[in-house]
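Residue numbers for the sequence shown follow our numbering, so the first one is 88 and each next one is one higher. Backbone N, C-alpha and C define an ideal beta-carbon position, used for all residues, glycine too. Note that this is a predicted model, so its numbers are computed, not measured.
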Amino acid sequence: MAHIYKKVGFKLEICVDNLSSAISAAHSGADRLELSQALDLGGLTPSIGFIRLVMINIRTKPIFMLVRPRAGNFVYNRSDLEIMIGDMNNAHYFGVDGFVTGALTNDGQIDREACGALIKAARGKPVTFHRAFDLTHSEQALTEIVSLGFKRILTSGRCKTASEGMPALKSLVAQTNSTATCASPSLMAASQIIIMPGKYIML
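Spelled out as structure tokens, the structure:
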């Protein structure tokens with residue numbers, strides 16, 4: 088499947104939850120790996136032991152770490168946030184290349200305070216806003232995510248699968264392809280981020 092993505096110029100990121108899968112993905116053409124665990128729960132922060140093993144065995148691909156301390160919603164309290172930042176600090180020690188995370192408020196808006204703290208904890212490494220984006224209710228979510236410093240958005244177009252969300256994904260990609268010379272301020276901001284269609288893409 089990887090060669091199909093290469094042929095059309097896409098970058099392929101594969102989410103993995105064990106060393107065998109990570110090595111297989113790296114050898115099968117993945118451009119980037121996302122480390123996770125409990126994929127049946129939508130993915131949670133991986134253990135330090137797993138991160139260490141991957142970093143020892145794979146150094147030919149960028150390694151990103153999912154930062155999600157628990158299952159359920161993406162509304163985090165202070166203790167959740169402290170855990171997330173602590174996990175990111177530990178991951179820096181082993182040399183991860185970036186992070187995948189995101190936080191929302193109770194009313195489905197982007198939690199700017201929490202996200203700002205997570206961006207700061209990334210210490211300049213790229214951060215992807217994960218599929219919490221699919222649960223936002225704000226029309227300004229894309230612009231807000233860009234303004235906070237996220238580099239990518241992982242989304243299935245606010246549908247269960249990327250195939251079902253294709254119309255929304257096309258709209259998001261169209262916004263990111265808008266040129267700065269003719270775009271509105273919101274579209275100018277959108278052009279600074281990469282949209283990553285994710286979860287069960289059917290080819």
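The Cβ-Cβ distance between M142 and G182 falls below 8 Å. Distances from the CA of T188 to each of N160, E226, S108 were compared; the closest alpha carbon is that of N160.
The DSSP-derived three-state label of I280 is coil. Contact between N177 and I135 is confirmed by a C-beta separation of about 5 Å, below the 8 Å threshold. In this structure, the straight-line span from the alpha carbon of A109 to that of L131 is close to 16 Å.
Boundaries of the alpha helix (DSSP H) harbouring F137: 135-144, taken from the DSSP string. Unbroken alpha helix (DSSP H) stretches of 4 residues or longer found wholly inside the region 166-213: 199-208, given in chain order.
If you ignore the 5 residues before and after T215, its C-beta comes within less than 6 Å of the C-beta of V187, R239, L241, all in its own chain and listed in chain order. In the DSSP assignment, F97 forms no beta bridge with any residue.
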